[in-house]
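**Q** Below is one structure. I have some questions about it.
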Amino acid sequence: MTGVGSWRQLGKWMASTIVLLVGLLIAWPEAPARLLVPADGWEVEGGFALTQPNKNGVPRSLRDNSGARFWRSWTPDKGSQPGVLRSAPFHLGGVIGVPYNGFAGDPGLSTWLECVDSGARLPLATGRNNTVWSVVLMEPEPTWCDGLARVVAISATNANYVSIGTPYRVSWLSAFKQSPLAALWFVLASWALFAGIAVSVARRFAASLPSPTLYVLLLIGIGLVGYVQFFTFWSSVWLGRLATFALIVFALQGLRKPTQQTVGVIPATTHADLYLALRLWLLVAMAIMSIALMVDDGSGMWSANGRFAPAQWSSDNELPPHIGEMLVAGNLTHADWMGTWHISDRPPLSYGWHATLRLLGNAITSGNDGRYLSYLYDWAGGIVLNTIWVPALFLMLAIAGLRQRMAIATVLVCLATPFFLFNSTYIWPKLLSATFGLAAAALLIGLGSTTRLRSDRKGLIAAAALSALALLSHGGSVFGVLGALVLAPYYRGLPRTRDAALAAGVAISLLLPWMAWQHLVDPPGNALMKFAFAGTFGFGEEHIGVFDTIVRSYSSLGWHDWMLSKWHGLQTLVWGRPHGCWVDEGIVASSIGALRLNDFLYVLPSLHFLLAGFVPLFGRARCASEAVSRVPLKLVTFAVVSLALSWLLAWDCHVNHHQAYQALAALHIGLVIALLHAGGWGKFALACSAGYVLIVWIISPLPQFPRLQPEAMVAAATAILALAVVAWRAHKLPTELAQ
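Using my numbering, you'd call the opening residue of the sequence shown number 48 and step up by one each time.
Okay, here's the thing in structure tokens:
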């Protein structure tokens, strides 16, 4: 044992040393960019004209260099124009960076690095990044080109544009800061903040609270921190900084080694479950970040949008970090880049956390050459925030009575589904909303309790708070909240009137500050609500309220048209009938790409092999107890009721990303648990589901990218292997953690 303990201590020491070293390298000041092409070293044909990059898109030393040039095949007076742009030849060697902006990869738009002697070409960027700029890193093999190379951009269309800037030599330190290892370090740093806060709270309350209450308290606390931080930063940047500093200090108390006084504070079972949940969270977040970084299309902060193309969406994933950046800078105003949208159109909870994580990232990278890498730590922090479903699901299933190994298996199988994979990578706050909403539903429908609501005032109040936090994360969760309220009396009876009023008061009290902010600071903030219930965003008619808009829409819709709309909606839900509310964001170039798009869009078609779970769900699944056997049935029933309410009440858009995400999550989780309990054939169906995701979602998209990142592939494999080891050793963890 002494030898094993010594090796374990050595491993911990080495891991800590590596983490510290990587952090120091990330914080170390960079060398300025060295230009490879002079200011007059450009050959311009056609519509390319000089422009300027956005503030955070490229290194500061490059943006401010008078010799740097930035070209775009678009001008305000002429729009997008055909043209050819070539740089003067330059010597290769080491890593080079090329500023890029636009829609390379669209028909008629291309950029590449060209060997002058041989004419050989390497693609630069193949993904769009719209109006922002990014830096394309390249390090061609020495054998690729013995002589000089040049950068070339071609526009053969009036539809869109492409932009490139002066190529420059990238120092090894700058290249390292843009590597997958640096991104994973930011994942670890962001996770450490959440984990430290959770453990600090546990050490203070675990001795006086039962485990289920403690876990719910932790989840509510994380939600409240993000919500409060939004208003704190908005009211005063200095107050936001002070609050962030206090959070970091509080988290560090949880991360430090327990003292003799704190060793026995957390009960052994609570300690084991909580620490295991946090480990799973970290490993899943690292796996997601690594899978995302396996490829490089040069699009920077837009990399997540095209990672699983054509299953992609526009800039919704960039709103949380953008608005977090605005909060940290103290300029939360209506921004031109939002067009007709308002900040108040989407709820603020994730914005507060992104501001907190952005401030932490800015402090760590203050020696950087500008903020051109901020998207990496925004993305890493967003993935950690989005994967909060991992510890929440694990602890929820533990409370419900599932064995630890079964709970871990459920988490891992869910990770290997298109729904959880895409929405963990693409950092819109829908999975965050799903986490709060699903926890609220679990309390209301009694996933782990058969106690009547009349005798569970604390649970009712907690469910009200979690429901409000779900709505404050994403408004689409309203149908899931309604679904849980509809089912609660059936499963647990009606609460006392006084308790119901108290719970409603808690929910309203949480929602009121945001509603007041919408009304007083950035009105009207109801575009998405109008679209959900009336089929219009209401742009240009903001003076018309939501109710009047709904009445107007329905007054022009006859009974026959309404029935036809519901029939079409049902077809969309059940077998993926295409619908006009989907905005075509990508080109479907293959049948396997069409599978990814269908997985993104449609409810039942996206389940594939999980559909087999309906068989044991209504049959006799092999469960440890009758209580456990009810868990998947309750989850799926909740999902179906919530989806039905959305189908009935929403206007006419029934694709996946317009559903309540706690309902979609519950549907997946319930079917996975049913198959896990179905015996060998159920596990075979789950293996087929995971294999489908591996082939269709992870391996298949790789050839469409110009560059692969082997280190990210190794990191992904390592994280997945570590998850497998944790699952295999789950039964040993309580003993180990108690030591």
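Note that the Cβ used here is the ideal one computed from N, Cα and C, for glycine as well.
#1: Quick check on the DSSP output: the alpha helix (DSSP H) that includes Y601 runs from which residue to which?
#2: Decide if F137 is buried, meaning its Cβ has at least 16 other Cβ atoms within 10 Å, or exposed.
#3: Straight-line CA distance for L644 to G152?
#4: My guess is that L558 and L518 are in contact by the Cβ rule of under 8 Å, so how many angstroms apart are they, rounded?
#5: Could you spell out the range, first to last residue, of the beta strand (DSSP E) harbouring L468?
#6: Do the region 524-538 and the region 350-365 meet, that is, are 3 or more Cβ pairs less than 8 Å apart?
#7: Starting from A200, follow the beta strand (DSSP E) in both directions and report where the run begins and ends.
#8: Could you pull out every residue in the same chain whose Cβ sits closer than 6 Å to the Cβ of V460, ignoring the five residues on either side in sequence?
#9: Take R754 and list the residues in its own chain whose beta-carbon comes closer than 6 Å to its own, dropping the five residues that flank it on each side.
#10: Could you tell me the boundaries of the beta strand (DSSP E) in which I742 lies?
#11: Taking the DSSP output, what are the residues bridged to W388?
#12: Tell me where the beta strand (DSSP E) around E188 begins and ends.
#13: Apart from the five residues just before and just after G506, which ones in its own chain have a Cβ nearer than 6 Å to its Cβ?
#14: Can you name, in chain order, every residue of its own chain whose Cβ lies under 7 Å from the Cβ of P394, other than the five neighbours on each side?
#15: In this structure, does DSSP put Y537 in helix, strand or coil?
#16: For A515 and A707, what's the separation of their Cα atoms in angstroms?
#17: Put W698 into one of helix, strand or coil per three-state DSSP.
#18: Return the first residue and the last residue of the beta strand (DSSP E) that C162 is part of.
#19: Given this structure, state the Cα-to-Cα distance separating A62 from M373, to the nearest angstrom.
#20: Rounded to whole angstroms, how far is the Cβ of L444 from the Cβ of A454, which I believe are closer than 8 Å?
#21: What first and last residue would you give for the alpha helix (DSSP H) that runs through E372?
#22: Candidates N409, V209 and Y262: which alpha carbon is nearest T291's?
#23: Among the candidates G273, A488 and N364, whose CA atom is the shortest distance from the CA of V688?
#24: What's the C-alpha gap between V437 and V263?
#25: What ranges does the beta strand (DSSP E) occupy inside the region 679-736, keeping only unbroken runs of at least 3 residues that lie completely in it?
#26: Check whether the Cβ atoms of S391 and Q565 sit closer than 8 Å, and answer yes or no.
#27: Using a 10 Å radius around the Cβ and a threshold of 16 neighbouring Cβ atoms, would you call W349 buried or exposed?
#28: Given a threshold of 16 other Cβ atoms within 10 Å of its Cβ, counted over all protein chains shown, does L57 qualify as buried or as exposed?
#29: If I measure Cβ to Cβ from W118 and keep anything under 8 Å in the same chain, skipping five residues before and after, which residues do I get?
#30: Would L160 pass as a contact of P187 if the rule is Cβ separation under 8 Å?
#31: Pairs of beta-carbons, one from the region 611-625 and one from the region 686-703, closer than 8 Å: are there three or more?
#32: Judging by CA-CA distance, which residue of A298, G70, N207 and A511 is the nearest neighbour of F241?
#33: In whole angstroms, give me the CA-to-CA distance for G268 and Q359.
#34: At a cut of 8 Å, does the region 738-747 reach the region 318-337 through at least three beta carbon pairs?
#35: Measure the CB-CB distance between V375 and A332 and report whether it falls below 8 Å.
#36: Any idea if K59 is buried or exposed, counting beta-carbon neighbours within 10 angstroms, 16 or more meaning buried?
**A** Checking against the coordinates, here is how it stands:
#1: Y601 -> alpha helix (DSSP H) spans V593 to S602.
#2: Its Cβ being crowded by 16 or more others within 10 Å, F137 is buried.
#3: Note on geometry: alpha-carbon atoms of L644 and G152 lie some 19 Å from one another.
#4: Sure, about 7 Å apart at Cβ, within 8 Å.
#5: Taken as a continuous stretch (DSSP letters only), L468 belongs to no beta strand (DSSP E), being part of the alpha helix (DSSP H) at P465 to T472.
#6: With a cut-off of 8 Å, the region 350-365 and the region 524-538 do not count as touching, because too few Cβ pairs lie within range.
#7: Note, A200: beta strand (DSSP E), L195 to S202.
#8: Cβ within range, chain order: V719 and L733.
#9: Counting only Cβ-Cβ distances below 6 Å, and skipping sequence neighbours, we find D343.
#10: That residue, I742, is in no beta strand (DSSP E); it is neither H nor E in DSSP.
#11: None; W388 has no bridge partner.
#12: Note, E188: premise wrong, no beta strand (DSSP E); not H, not E.
#13: Excluding residues within five positions, the ones whose Cβ falls inside 6 Å are L490.
#14: L518, L519, S520, H521, G522 and W561, listed in sequence order.
#15: Three-state result, Y537: helix.
#16: Approximately 14 Å between the Cα atoms of the pair.
#17: The answer is coil: DSSP assigns W698 none of H, G, I, E or B.
#18: L156 to C162 is the extent of the beta strand (DSSP E) around C162.
#19: Taking the straight line from one Cα to the other gives about 35 Å.
#20: Between L444 and A454, the beta carbon gap of about 4 Å places them in contact (Cβ cut-off 8 Å).
#21: That run of the alpha helix (DSSP H) goes L366 to A376.
#22: For the set N409, V209 and Y262, the Cα lying nearest the Cα of T291 is the one of N409.
#23: Closest in alpha carbon position to V688, among G273, A488 and N364, is A488.
#24: So the two alpha carbons sit approximately 14 Å from each other.
#25: Listed in chain order, the beta strand (DSSP E) elements of length 3 or more contained wholly in the region 679-736 amount to none.
#26: Cβ distance < 8 Å, so S391 and Q565 count as in contact.
#27: It is buried - the Cβ of W349 has at least 16 other Cβ atoms within 10 Å.
#28: Flag for L57 reads exposed.
#29: Excluding its 5 nearest sequence neighbours in each direction, W118 has C-beta neighbours in its own chain below 8 Å: W89, V91, F95, A96, L97, T98, L132, A200, S210, I211 and G212, listed in chain order.
#30: Contact: yes.
#31: Because the criterion of three Cβ pairs below 8 Å is met, the region 611-625 and the region 686-703 touch.
#32: Checking every option, the nearest Cα to that of F241 belongs to A298.
#33: Roughly 32 Å separates the two Cα atoms.
#34: Segments in contact, no.
#35: Contact: no.
#36: Burial call: exposed.
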